[in-house]
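Per the working numbering: the sequence shown = residues 47 to 601.
Think of the CB as a built atom: it goes at the ideal place given N, C-alpha and C, for glycine as much as any other residue.
Please read the structure below before turning to the comments.
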Amino acid sequence: MQSRYAVHIIIPAEWRWVIFAGSGLVLLAFLPFLWVALSSSAQSNWQFMGMIGVNYRDGATYLAKMLQGVDGSWTVQFLHTPEAHDGFFLQALYLLLGHAARLGGLPIVVMFHIARVGAALFMYLAIYQLGATIWMRVRTRRIFFVIASVGAGFGWLFLLLVPNAADAAVPDISIPEAFPLFSTYVNVHFPLTIAFLSLLASVFIVAFRPGMEELPGLSNGGVLVILLTLLLGLLYPQTLVPLGSALILLFIIRSLRQKRFDQHTFYWSLLLLLPAAPLFVYYKVITDTNPILAEWNRQNVTLAPNPLVLVIGLGLPLLLALPAIYRALRRFEADGDQLMLAWLVAMLVAIYFPSDIQRRFAAGIMLVIAYFATRAVEDFWFNYIARRWRTRAFVLALPVMAFSQIFILIGPVLALLIGNPQAVAGMVLERDYRAVFQWLRDNGEQGDIILASPNVSIWLPGWTGERVIYGHPFETMQADQKRAAVVAWYTSSSAEECTALLNGAYTLTTGYTVRYILVGPEERALGSDLTAVESQCLDSVQWVARIGEVDIYAP
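Here you go:
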């Protein structure tokens, strides 16, 4: 009985293949980043700020958290809002990376991307481990690895053909945590989350195989489940909701089918549910008692796409998976199908259950789709393709599956490729702002409030450690109101509006006082020019310094 818990052997040649393939995917994900960084260095007027792609705003908040770690903190504050508040233990991974950057003497941007490389490689190894846990045949493992790693839908086509498609939240262009390769573009914790989900699934696949009755322990993955649950609870707790629900559903179904209490499934499920419970209680308590976190939670709305759009976003992998999903519904076999089907159902229910964070429950969904797609390729689709054409057919299908991932990678840098950096202002800034940030770091103090345009304010906390009025749609409290007030300050001729913003009129909790005001190319870009500002708002403040084309003022 004990030998059944052994994972199928992975020979060294397989690991070499995975490392080679994973390294290639990491290099693919970094090529645009390297190109933008190098081309930015060559362009004297523009500075690449360190993050690329659709998620660069969130990337800037990670840098702000890392800088707090560099400064010695083990609790997080949101620096993209002017309200002073107590720190809380949240997104601690980036604090840890900040401490590591300080100890290693590395810039936080460099540390972030080193960690991103490591997390991506670890994720690819974990995905292959999951495939090897399920299948003995090397070809099948590789098919699963490829579909899980690069598989995506037709979001690129939807985006090109449908007006306002960007607002439809097509998964493969807007939900990076659902797609492994996409996840490596944006941060560290998404690929780590997918890696931990893969390892958890590996343990449960083995534990729920036919004939397995041994209760969890030290030698069969029980401790690993507890550890991975705790790590996921710190990294991305939403992922535990569908997986925990799947285990509960599996326990109920197995108990009903066996007409007895399924002790085996029950105890394995407890290993995930019990460690997760205190973490969810903690998150609930701090969200209810901290007004800053409560407002962050209120604004952090990520609604699910239309079901048809979800299908489009899962694309060819889902189409390939349909025969295996049908087979799993009909037979409901214990060797993998039961767990994966229950997980898929739980994910879909969580995604469309009324809540403000529906999309977040899709994290790792491509693992499940790839499982069924691989089963269908081997057991169904290859039956209709001559043996000599099977590899060619899969190679032809690969670009179709992966195109959205390539599209979303290259899209944000197209403006730079054609020499129009103004189109991606925010991802890059005029180079003078880099010197301004250093000036603020040297001359300001922790907690200082800086008024600047939204494009500048997103980066300022991570480069200086100081606060801004508006910088992020989630981490700025009352974000819409503050953004409108900032834009109005730079474009309005109302003296009342000028003084109200500087004196802390727009605040959720305590007041604030602006220390410095920036007026440069990004601020001038908010309107046709700064005539109105110069005749009203700037009359009430004092000029302090000029760095290139950026003026610094103080009230």
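Contact check, residue i vs residue j, beta carbons under 8 Å
i, j, result
"residue 158", "residue 112", "yes"
"residue 474", "residue 92", "yes"
"residue 385", "residue 296", "yes"
"residue 380", "residue 255", "yes"
"residue 450", "residue 198", "yes"
"residue 216", "residue 56", "no"
"residue 504", "residue 83", "no"
"residue 177", "residue 190", "yes"
"residue 341", "residue 484", "no"
"residue 249", "residue 269", "no"
"residue 362", "residue 258", "no"
"residue 147", "residue 237", "no"
"residue 428", "residue 434", "no"
"residue 195", "residue 71", "yes"
"residue 75", "residue 328", "no"
"residue 545", "residue 586", "yes"
"residue 350", "residue 415", "no"
"residue 110", "residue 508", "yes"
"residue 138", "residue 280", "yes"
Where residue i falls: helix, strand or coil (DSSP)
i, result
"residue 446", "helix"
"residue 218", "helix"
"residue 482", "helix"
"residue 590", "strand"
"residue 260", "coil"
"residue 122", "strand"
"residue 520", "coil"
"residue 474", "strand"
"residue 582", "coil"
"residue 309", "helix"
"residue 135", "coil"
"residue 157", "helix"
"residue 435", "helix"
"residue 152", "coil"
"residue 182", "coil"
"residue 266", "coil"
"residue 275", "helix"
"residue 229", "helix"
"residue 417", "helix"
"residue 318", "helix"
"residue 379", "coil"
"residue 63", "helix"
"residue 130", "coil"
"residue 553", "coil"
"residue 54", "coil"
"residue 526", "helix"
"residue 403", "coil"
"residue 540", "coil"
"residue 234", "coil"
"residue 323", "helix"
"residue 202", "helix"
Of the listed residues the options, nearest to residue i (C-alpha basis)
i, options, result
"residue 670", "407, 146, 78 and 143", "Only positions 47 to 601 of the chain appear in this structure, which leaves residue 670 out of reach."
"residue 583", "565, 571, 516 and 350", "565"
"residue 323", "287, 305, 356 and 352", "287"
"residue 561", "524, 540 and 513", "513"
"residue 492", "108, 117 and 99", "117"
"residue 440", "420, 458, 510 and 455", "420"
"residue 486", "597, 353 and 71", "597"
"residue 347", "463, 521 and 588", "521"
"residue 550", "530, 495 and 569", "495"
"residue 225", "396, 360 and 280", "360"
"residue 101", "457, 594 and 124", "457"
"residue 392", "292, 156, 537 and 149", "292"
"residue 246", "319, 306, 220 and 442", "319"
"residue 345", "403, 174 and 233", "403"
Neighbourhood of residue i by C-beta, 8 Å cutoff - its chain only, sequence neighbours within 5 removed
i, result
"residue 243", "278, 285, 289, 409, 410 and 413"
"residue 559", "495, 548, 549, 550 and 601"
"residue 557", "549 and 550"
Residues that DSSP places opposite residue i in a beta bridge
i, result
"residue 495", "513 and 560"
"residue 599", "563 and 589"
"residue 345", "Beta-bridge pairing links residue 345 to no other residue."
"residue 94", "474"
Residues near residue i in its chain [Cβ-Cβ closer than 6 Å; skip 5 each side]
i, result
"residue 555", "129 and 337"
"residue 369", "422 and 426"
"residue 515", "128, 497, 528 and 532"
"residue 417", "386"
"residue 371", "418"
"residue 115", "141, 144 and 145"
Same chain, Cβ closer than 7 Å to residue i, neighbours up to 5 away in sequence not counted
i, result
"residue 534", "543"
"residue 134", "121, 122, 332, 336 and 339"
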